[in-house]
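In our numbering, the protein residues as written are 77 to 590.
Worksheet for the structure shown next.
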């Protein structure tokens, strides 16, 4: 096939020069003013007098912070599925159905034509940074395997479509990109995740795969399935995709999976590049190495604000933007977008590692704070403790969830339960699970003073317990919930008692076994 990488390289050179000259404050001010001008005649724009806003401060005064439920109740629900000039001009053609990770409740996020174009430009930015790191790249000499959810969208009355964001992206793939995309349409449309990935894996062996994209947990399972097709080739991905040069991952914390990917990619030089692409917009992309943060995409249809996590309970929390952010502070991300989201609070929490050229790390989700007993553990602390314990014991995690177990007649104090799935059968010796739990406990004690105080003398909090489940357990649980594959994520921290109870019963009743 035609190698279009030289054309990409020319664009990448122009884009890198543009980014090098970019002033973050000016870029974001321009974005906000452009968004306000575009939406001034919408119902939302008229109510909030967009035509009179001349600064970030005026915008923050006139447009209050909102979450999905508020925007939905005030502007979308009565008109759904035909949203016309409600919060964005024109009629919304698509709705991205979110995974409902922690609560189990999905949301329908409007996706406008302008947002589709913005997502395409952001995807090109991923390749721009890849070419900067790998100047000899020939990524457009072959195909990109996209491991998304089902691309089979549901038609709504009035002409709109709803479904997985990857399905929307597949439907809108420009004609020139089709030769570089995999899988073919008939496979991409499959809703049976197991059947779909089995066909994809087998057929991909006859393709020239240069890049792979998806969430780390589903990528790990897919690549393990791929390599199981021919054990004689070994456990190096290069034996299956010899020209692979790029893996794009995002959606979940990469730390629990990093060791696994390093092992299967050893000696290949494959570029691992993280992205922060939410259903609400493509927010950031890694332009440097692992752990150095992802660069905010400042000129692509999104205006960003950031609320300190510690101020969330306040009636009027401080609203920062790129002109006032500080490094080392945990923020909740707030978006105004070219799909009609205005001062919209995401569930994601981030921390900036660099402010002048804003680069961030994702630290968790607002729903991923565990404080059932006053321990105030963040999702980041829990992720680091569990992933660190697995690394110390030299095992590889596939997935895990953590939740509280409350006192009862047999247990005088509460504790945490870690349900952990390893990439291979766990040791049957009970002492292994106890050692895993002790490692988690030790790391949480060091990371969090409230937890350490509660654990003193086992008075306020008993030691955590680790329950090891067989490989494939979380996939089977997600399948039973109708949330297997694609953008669906296994919830790391489950504060919802009903949801955590469902997972525990699923494992205890033997459903975790193959």
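For every residue, glycine included, the Cβ atom is placed at its ideal position computed from N, Cα and C.
For clarity, every value in this text was computed on a predicted model and none was experimentally measured.
Where the alpha helix (DSSP H) through residue i begins and ends
i	result
residue 135	132-138
residue 240	Run containing residue 240: none; DSSP gives neither H nor E here.
residue 527	525-531
residue 423	No alpha helix (DSSP H) holds residue 423; the beta strand (DSSP E) holding it covers 420-430.
residue 105	100-115
residue 438	Residue 438 -> not in any alpha helix (DSSP H); beta strand (DSSP E) instead, spanning 435-441.
residue 468	455-468
residue 85	81-97
residue 317	That residue, residue 317, is in no alpha helix (DSSP H); it is neither H nor E in DSSP.
residue 171	Residue 171 -> not in any alpha helix (DSSP H); beta strand (DSSP E) instead, spanning 170-173.
Rounded straight-line distance, which links the Cα of residue j to that of residue i
i	j	result
residue 512	residue 460	13 Å
residue 207	residue 174	31 Å
residue 440	residue 204	27 Å
residue 171	residue 503	45 Å
residue 80	residue 260	20 Å
residue 489	residue 570	19 Å
residue 433	residue 190	25 Å
residue 110	residue 310	53 Å
residue 524	residue 362	29 Å
residue 394	residue 402	13 Å
residue 146	residue 154	13 Å
residue 297	residue 133	47 Å
residue 552	residue 477	14 Å
residue 594	residue 455	What the structure shows of the chain is the stretch from 77 to 590, and residue 594 is not part of that stretch, so it cannot be assessed.
residue 379	residue 389	23 Å
residue 177	residue 422	Caution applies to residue 177, whose pLDDT of 47 falls short of 50 and renders its modelled position unreliable; the value that the coordinates give is listed next. Those two C-alpha atoms are separated by around 13 Å.
residue 86	residue 92	10 Å
residue 590	residue 517	Annotation note: pLDDT 42 at residue 590 (below 50); position unreliable, coordinate value reported separately. If you take the alpha carbons of residue 590 and residue 517, they lie about 30 Å apart.
residue 116	residue 497	50 Å
Limits of the unbroken beta strand (DSSP E) element including residue i
i	result
residue 497	491-498
residue 184	184-187
residue 358	357-362
residue 119	It is not in any beta strand (DSSP E) - residue 119 instead sits in the alpha helix (DSSP H) that spans 119-123.
residue 322	322-326
residue 480	473-481
Under the three-state DSSP convention, the category residue i falls into
i	result
residue 252	helix
residue 284	coil
residue 269	helix
residue 398	coil
residue 350	strand
residue 581	helix
residue 200	helix
residue 277	helix
residue 387	helix
residue 444	coil
residue 486	coil
residue 501	coil
residue 407	strand
residue 155	coil
residue 190	helix
residue 213	coil
residue 565	coil
residue 290	strand
residue 247	helix
residue 392	coil
Check whether residue i and residue j have beta carbons under 7 Å apart
i	j	result
residue 537	residue 449	yes
residue 324	residue 349	yes
residue 355	residue 241	yes
residue 210	residue 99	no
residue 495	residue 543	yes
residue 387	residue 397	no
residue 269	residue 560	yes
residue 468	residue 515	yes
residue 405	residue 384	yes
residue 445	residue 436	no
residue 301	residue 277	yes
residue 541	residue 575	no
residue 229	residue 239	yes
residue 169	residue 236	yes
residue 114	residue 328	no
residue 438	residue 407	no
residue 526	residue 452	yes
residue 167	residue 120	no
residue 399	residue 130	no
Proximity test, residue i beta-carbon vs the ligand ADP heavy atom, cut-off 6 Å
i	result
residue 442	Judged by which ligands are present, the structure shown has none, so any question about the ligand ADP falls away.
Segment contact, 8 Å Cβ cut-off, at least three pairs: the segment 282-289 with the segment 313-324: Yes, they touch.
Inter-stretch contact (C-beta, 8 Å, three-pair minimum) for the segment 136-152 and the segment 405-421: Output reads yes: the segment 405-421 touches the segment 136-152.
Cβ contact (3+ pairs, closer than 8 Å) linking the segment 329-345 and the segment 293-306: Yes, since at least three Cβ pairs between the segment 329-345 and the segment 293-306 fall closer than 8 Å, the two stretches touch.
Touch test, the segment 185-200 against the segment 243-260, Cβ-Cβ under 8 Å, three pairs minimum: Verdict: yes, contact present.
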